[in-house]
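**Q** Before we start, here is the structure in question, set down as structure tokens.
Protein chains: 4
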Amino acid sequence: MTKNPSSDHGSPVEGEEPPRANNRGKARGNLLAVARAEFSSKGFAGTRVDEIAAVAGVNKQAIYHHFGGKDGLFRATLEAGYERVFLTNQAYVASEKPQEPIKALQHLIGHVFDRFHLHPEMVELVLEENRQKGRHIANKNLIEDAHRPLVVYLAEVLKRGERDGSFAQGVSAKQVFFDIVSLCMFYFANRYTMSASLGLDFLSAASTRTRRAHIVKQLIRSLRAD
Amino acid sequence: MTKNPSSDHGSPVEGEEPPRANNRGKARGNLLAVARAEFSSKGFAGTRVDEIAAVAGVNKQAIYHHFGGKDGLFRATLEAGYERVFLTNQAYVASEKPQEPIKALQHLIGHVFDRFHLHPEMVELVLEENRQKGRHIANKNLIEDAHRPLVVYLAEVLKRGERDGSFAQGVSAKQVFFDIVSLCMFYFANRYTMSASLGLDFLSAASTRTRRAHIVKQLIRSLRAD
Amino acid sequence: MTKNPSSDHGSPVEGEEPPRANNRGKARGNLLAVARAEFSSKGFAGTRVDEIAAVAGVNKQAIYHHFGGKDGLFRATLEAGYERVFLTNQAYVASEKPQEPIKALQHLIGHVFDRFHLHPEMVELVLEENRQKGRHIANKNLIEDAHRPLVVYLAEVLKRGERDGSFAQGVSAKQVFFDIVSLCMFYFANRYTMSASLGLDFLSAASTRTRRAHIVKQLIRSLRAD
Amino acid sequence: MTKNPSSDHGSPVEGEEPPRANNRGKARGNLLAVARAEFSSKGFAGTRVDEIAAVAGVNKQAIYHHFGGKDGLFRATLEAGYERVFLTNQAYVASEKPQEPIKALQHLIGHVFDRFHLHPEMVELVLEENRQKGRHIANKNLIEDAHRPLVVYLAEVLKRGERDGSFAQGVSAKQVFFDIVSLCMFYFANRYTMSASLGLDFLSAASTRTRRAHIVKQLIRSLRAD
DNA sequence: AATGAATGAGTTTTCATTCAT
DNA sequence: TATGAATGAAAACTCATTCAT
Chain Z
52 MTKNPSSDHG SPVEGEEPPR ANNRGKARGN LLAVARAEFS SKGFAGTRVD EIAAVAGVNK
112 QAIYHHFGGK DGLFRATLEA GYERVFLTNQ AYVASEKPQE PIKALQHLIG HVFDRFHLHP
172 EMVELVLEEN RQKGRHIANK NLIEDAHRPL VVYLAEVLKR GERDGSFAQG VSAKQVFFDI
232 VSLCMFYFAN RYTMSASLGL DFLSAASTRT RRAHIVKQLI RSLRAD
Chain R
52 MTKNPSSDHG SPVEGEEPPR ANNRGKARGN LLAVARAEFS SKGFAGTRVD EIAAVAGVNK
112 QAIYHHFGGK DGLFRATLEA GYERVFLTNQ AYVASEKPQE PIKALQHLIG HVFDRFHLHP
172 EMVELVLEEN RQKGRHIANK NLIEDAHRPL VVYLAEVLKR GERDGSFAQG VSAKQVFFDI
232 VSLCMFYFAN RYTMSASLGL DFLSAASTRT RRAHIVKQLI RSLRAD
Chain G
52 MTKNPSSDHG SPVEGEEPPR ANNRGKARGN LLAVARAEFS SKGFAGTRVD EIAAVAGVNK
112 QAIYHHFGGK DGLFRATLEA GYERVFLTNQ AYVASEKPQE PIKALQHLIG HVFDRFHLHP
172 EMVELVLEEN RQKGRHIANK NLIEDAHRPL VVYLAEVLKR GERDGSFAQG VSAKQVFFDI
232 VSLCMFYFAN RYTMSASLGL DFLSAASTRT RRAHIVKQLI RSLRAD
Chain Y
52 MTKNPSSDHG SPVEGEEPPR ANNRGKARGN LLAVARAEFS SKGFAGTRVD EIAAVAGVNK
112 QAIYHHFGGK DGLFRATLEA GYERVFLTNQ AYVASEKPQE PIKALQHLIG HVFDRFHLHP
172 EMVELVLEEN RQKGRHIANK NLIEDAHRPL VVYLAEVLKR GERDGSFAQG VSAKQVFFDI
232 VSLCMFYFAN RYTMSASLGL DFLSAASTRT RRAHIVKQLI RSLRAD
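Chains as they are written, first to last, in our numbering: chain Z, 52 to 277; chain R, 52 to 277; chain G, 52 to 277; chain Y, 52 to 277.
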């Protein structure tokens, strides 16, 4: 999985940059950044090609030139997202110091939660792709690769925990990974109806902190050795 | 579908199924049923008002007559869904025999999972409403009411478990409810990307059973007294 | 020209009346009153049959029952308007004391102006009918009758003025009537663009008073004997 | 009357042309020409966007592309009309030879009358805009500018007439301008009902000539010095 | 007479995509 | 390649009128 540094731009979304003379490749990057914002907030069907082009400050034709159309742009947006996930996960694992399994796991769960907190657009993008029954996932390996660093790391942590007696035996790392992602991502995906359901305000920072702590604690508890 | 025979004098049309005659009052129900299917499979923006009307076998205008428009129809569909959730939960709680807390909780988690399994459309409807930032939730009480039977029952089970020593002290019932819904619903909402992520096929019945068992087990473990 | 007293209602427009047990004939009157307001403010094409029924507080079907449809309702509205004009003009002429021609004419012009001021809806109704090239005027005599009292009275005043030397000889009463109506009605029909044209605010009461005085004065001057 | 060559499109109204081939840039002009005809004959609400596009021989979307919608097209049509009025008035004033005030005024009144006679569509457009309470007048200056040449010229003529004793003192030029426009425009706006009112046929050329002469004569008389 | 529902043709507007310069 | 215009299909929504009770 290689990384195209020029696609890690995002000028129109993350910062204001004066239009420079050298527009080489900027159109593509701008489009991806704007598409990410648009697709995630409005869904695939609700997103307008014209608006993406307008917000990105490029001609509509650029979308057809670079991505072939709306579908291609969505696919590229999704792929760029997974690329980012991969890089983030890779960096996370690389930066983790050796530490006891419980600490490592607590930290990992917090990392996943915080990533979704920081990038709710990715939550929406993934949800959208699932609603479309995965029709844009041309390269399933891309997704698997994106999460592999974390899954591998998690499996290793669990194994160490099993050995040193901090974790229960025989719990599938993949299922645990699924648990972690479920609990973290679902929070950001369903805050509106869950707020109504439980009579709480999950949009507040305090509720988010509370929920985060609860998730970390319960997941750890669910893995303890008896 | 009852028919008034006295209005059947005169020659009926051959071959054609009478879409006319007594459509009185049927339109609303038909529309809600079709809308549920359409909105859940295509999302709000991806759903076509014309198609709903056509599939429901009613005139397009009926949607505007009964619901005021696409938004109104979505709102009504969502509300009807929550109404169903309420009835189901109410019936579930009413039918539960007295039993020890762990059994009760296992059963409850399985119930929630199975409901989502049986009604994935409701999953999609709720997801869609969250993507739209809850703009169709006119009546938040409806949602809260829909889940209240289960939340109240869960709180009571947890309390009993705390008392008899099967569950840990001081875990918030609302947070646990959130955990249950997260783990169960997320499975049905993200099977495509999670399949790709983990290299498994979560569309198969076997995987679903495995996942269900895992969720029940881990949630119970996460609540054990130390 | 007979007058149907039951059509001189106007409850929903001119006053609030509690719904009474005896609704006989009220629907027709309500509809005419509301139609007058709607047609005049939105034009024929811009007016909605549903809205008239809703505002009038009657069932839509009543429109078809009483008037045959939108066209019939417009026609009836127009005719009711002319009927009112007739009655007003008849009463005006009947109430005029003998007076010298110039006074009589000044008073008459003011009367015309004030009628349009009081009933701008009639201005719009007439304009609309002209835009439709008079297609609703089934009975042209109705219109002629409506103005006849005033035209006859005007001709008589002019004749007296000619005889006593206050007015010029040989000016057509019909043309003068046309002048009066033109100057008075046009003011109320074109206040928006004329305000913009001349940089004045013809919606203000002061401008209206000024314009009224000017019109009276100039018309009298235009008729003086040399 | 000078003509702005760039506005001299109008092929679809004046003749049949192959609608294909080079349509570049023609759409806008065609649409304005057709819209003028449609809006003036049917009013805003009565006009169909589809029909304008069809008659203009362009795609319906062109209306949204160039004007943003029906409202924008009406506004543009109105503005183009006032533009024409301005050019016409400017040319009229420029072409007027020095002459005595009464002659100048007679000529001016005839000019105004003849313009409305030649362009009854503009009459309808203006009436329509007034019915809509001026909601399309984005730029009031445009309207004021359109008439300014004539108003300024009129004021100057009146002033000269006051000085040389042909006109009365202290009559407001703006009010006189209003008189002229009222009398001339009203004739074309209300010929149907006025014909019925007075039992005359104001659609005939003879009646129009008679009315024109009457208006000119009476306006001049209304301004004479005593 | 009154009412809610139904009808079907139509009306504005939108959209992804392509063309011509 | 960049850009404004063009395209045609379709989308949401509206309307006057009629039906059934």
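Cβ atoms here follow ideal geometry from the backbone N, Cα and C, with glycine treated the same way.
1. With C-beta atoms as the reference, is Z:S273 less than 8 angstroms away from R:R272?
2. State the Cα-Cα distance for the pair R:S58 and Z:A104, rounded to the nearest angstrom.
3. State whether the segment 142-155 of chain R contacts the segment 108-119 of chain R, with contact taken as three or more CB pairs (one from each stretch) at a distance under 8 angstroms.
4. Might you give, ordered along the chain, the residues of its own chain that have their beta carbon closer than 6 angstroms to the beta carbon of Z:N73, omitting 5 neighbours on each side?
5. If I measure Cβ to Cβ from R:V174 and keep anything under 7 angstroms in the same chain, skipping five residues before and after, which residues do I get?
6. Residues in the segment 207-230 of chain Z with C-beta within 9 angstroms of chain R's C-beta atoms, listed in sequence order?
7. Could you name the residues of chain Y that G:Q269 contacts, counting a contact when the two beta carbons are closer than 7 angstroms?
8. Taking the C-alpha atoms as reference points, what is the distance between Y:L209 and Y:I188?
9. Exposed or buried, R:L169, counting other C-beta atoms within 10 Å across all chains shown (16 or more means buried)?
10. When you compare the CB of R:I160 with every CB in chain Z, is at least one pair closer than 8 angstroms?
11. Is Z:R75 close to chain R, meaning its C-beta is less than 8 angstroms from at least one C-beta of that chain?
12. Along the chain, where does the alpha helix (DSSP H) containing G:R272 start, and where does it finish?
13. My understanding is that Z:F118 touches Z:A197, with C-beta atoms under 8 angstroms, so please give their C-beta distance in whole angstroms.
14. If you draw a straight line from the C-alpha of R:F218 to the C-alpha of R:L156, how long is it?
15. For the alpha helix (DSSP H) holding Z:G221, just list the boundary residues, first then last.
16. Taking 8 angstroms as the cut-off, decide whether the C-beta atoms of Y:L124 and Y:L82 are in contact.
17. What residues of chain G sit near Y:I114, judged by a beta carbon separation below 9 angstroms?
18. Starting from G:R87 and walking both ways along the alpha helix (DSSP H), at which residues does that stretch end?
19. Indicate whether at least one CB of chain G lies closer than 8 angstroms to the CB of Y:L156.
20. Beta carbon of Z:T244, beta carbon of R:E180: below 8 angstroms?
21. Would R:T128 pass as an interface residue toward chain Z - the criterion being a Cβ-Cβ separation below 8 angstroms?
22. With G:G216 and G:A276 assumed to form a contact (beta carbons below 8 angstroms), what rounded beta-carbon distance in angstroms separates them?
23. Excluding sequence positions up to five away, which residues of its chain have a Cβ less than 7 angstroms from the Cβ of R:L251?
24. Is there at least one Cβ from chain R nearer than 8 angstroms to Z:G94's Cβ?
25. Whole angstroms is fine: what's the gap from R:K54's alpha carbon to R:N190's?
26. So, helix, strand or coil for Y:D277, using DSSP?
27. If you draw a straight line from the alpha carbon of Z:E207 to that of Z:A96, how long is it in whole angstroms?
28. Within 10 angstroms of its Cβ, does Y:V227 collect 16 or more other Cβ (buried), or is it exposed?
29. Do you know whose CA, among Z:Y204, Z:R182 and Z:Y133, lies nearest Z:P149's CA?
30. Look at the Cβ atom of Y:Y133, then the Cβ atom of Y:L178, and state whether they are nearer than 8 angstroms.
31. What is the DSSP secondary structure of R:P200, reduced to helix, strand or coil?
32. Is the shortest distance between the beta-carbon of G:T259 and the beta-carbons of chain Y less than 8 angstroms?
33. Is there a Cβ of chain Z sitting closer than 8 angstroms to that of R:N181, yes or no?
34. For Z:A256, is the classification buried or exposed, using 16 other Cβ atoms within 10 angstroms of its Cβ as the cut-off for buried?
35. Between G:V100 and G:K121, how many whole angstroms is the CB-CB distance? I'm expecting something under 8 angstroms.
36. What is the rounded straight-line gap between the Cα of Y:Q183 and the Cα of Z:A88?
**A** Let me spell this out:
1. Result yes, Cβ atoms of Z:S273 and R:R272 sit closer than 8 angstroms.
2. Any reading at R:S58 needs caution, since the residue's pLDDT is 37, under 50, leaving its predicted position unreliable; the model's value is listed next. If you take the alpha carbons of R:S58 and Z:A104, they lie about 59 angstroms apart.
3. They do not touch, by the three-pair rule.
4. Because the pLDDT of Z:N73 is 43, which lies under 50, any placement of that residue in the model is unreliable, and the number read from its coordinates should be weighed accordingly. Answer for Z:N73: no residue qualifies.
5. Residues of the same chain with a CB within less than 7 angstroms of the CB of R:V174, apart from the 5 flanking positions on each side, are F167, M236, F239 and A240 in chain order.
6. Under the 9 angstroms Cβ criterion, the segment 207-230 of chain Z contributes A219, V222, S223, K225, Q226, V227, F228, F229 and D230.
7. In chain order: D230 and S273.
8. Just so you know, the alpha carbons of Y:L209 and Y:I188 end up roughly 30 angstroms apart.
9. By the 10 Å Cβ count, R:L169 comes out exposed.
10. No - not a single Cβ of chain Z is within 8 angstroms of the one on R:I160.
11. Low confidence applies here, because Z:R75 scores a pLDDT of 48, under 50, leaving its location unreliable and the question unanswered by this model.
12. Unbroken alpha helix (DSSP H) run through G:R272: A256 to L274.
13. Z:F118 to Z:A197, Cβ: 20 angstroms. No contact.
14. Here the C-alpha atom of R:F218 lies approximately 11 angstroms from the C-alpha atom of R:L156.
15. Careful: Z:G221 lies outside any alpha helix (DSSP H) and carries neither H nor E.
16. Contact annotation: Y:L124 and Y:L82 have beta-carbon atoms nearer than 8 angstroms.
17. Here the premise fails: no neighbours, minimum Cβ distance about 18 angstroms.
18. Residues K77 to G97.
19. Put simply, the CB of Y:L156 is far from chain G, with every gap to its CB atoms at 8 angstroms or more.
20. Against a cut-off of 8 angstroms, the Cβ pair of R:E180 and Z:T244 comes out as a contact.
21. Chain Z contact via Cβ: absent.
22. At roughly 6 angstroms, the Cβ-Cβ gap stays under 8 angstroms, so G:G216 and G:A276 are in contact.
23. If we look at R:L251 and ignore the five residues flanking it on each side, its Cβ neighbours are S258.
24. Interface residue, yes.
25. Annotation note: pLDDT 36 at R:K54 (below 50); position unreliable, no value reported.
26. In this structure, Y:D277 counts as coil in the three-state DSSP scheme.
27. Those two C-alpha atoms are separated by around 41 angstroms.
28. By the neighbour-count criterion, in which 16 or more other beta carbons inside 10 Å mark a residue as buried, Y:V227 falls on the buried side.
29. Proximity to Z:P149 across Z:Y204, Z:R182 and Z:Y133 peaks at Z:Y204, based on C-alpha coordinates.
30. For the pair Y:Y133 and Y:L178, the CB atoms are not nearer than the 8 angstroms cut-off.
31. In the structure shown, R:P200 sits in a helix (DSSP, three-state: H, G or I).
32. Cβ-Cβ to chain Y under 8 angstroms: no for G:T259.
33. Residue-level contact check: R:N181 touches chain Z, since one or more beta carbons of chain Z fall below 8 angstroms from its beta carbon.
34. Exposed is the call here.
35. Taking a contact as a CB-CB distance under 8 angstroms, the pair G:V100 and G:K121 counts as one, their CB atoms being some 5 angstroms apart.
36. Straight-line Cα distance between these residues: approximately 40 angstroms.
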